[in-house]
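Report on the following structure.
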Amino acid sequence: KYTTAQSEELQLYSITINDFVTETIGKWVTTDTDIDAAWDDYLATLDSMGLPRFLEIQQEAYDAFSEVVQ
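Printed below as a string of structure tokens:
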């Protein structure tokens, strides 16, 4: 379970990140893109969109859940 602040932050990140991932995968599937050559830029863009913070929030929620379960 996420805190209110975490939920709000996740919502902002997930919309942007999910749209980018969906668009990029669509391009890769429908064009003759060299994915290996594009991969580093793809990861850098995800980082700049806040993926590290998105994953950090997920980890915080998982850790809080794990404490309750144990």
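Read in order, the letters of the sequence shown are residues -2 to 67 in our numbering.
By construction, the Cβ of each residue, glycine as well, lies at the ideal position given by its N, Cα and C atoms.
Item, Value
"Of the choices Leu9, Gln8, Ser11 and Trp36, whose alpha-carbon is the least far from that of threonine 21?", "Trp36"
"Between threonine 13 and alanine 41, what straight-line distance do the alpha-carbon atoms span, to the nearest angstrom?", "14 Å"
"With hydrogens ignored, establish whether the beta-carbon of isoleucine 32 is closer than 8 Å to any heavy atom of the ligand NAD.", "No copy of the ligand NAD appears in this structure; indeed no ligand is present at all."
"On the CB-based measure, 16 or more other CB atoms within 10 Å of its CB, does isoleucine 78 come out buried or exposed?", "Any answer about residue 78 is impossible in this case: the structure gives the chain only from -2 up to 67."
"Rounded to whole angstroms, what's the CA-CA distance from aspartate 16 to arginine 50? Just pull it up for me.", "17 Å"
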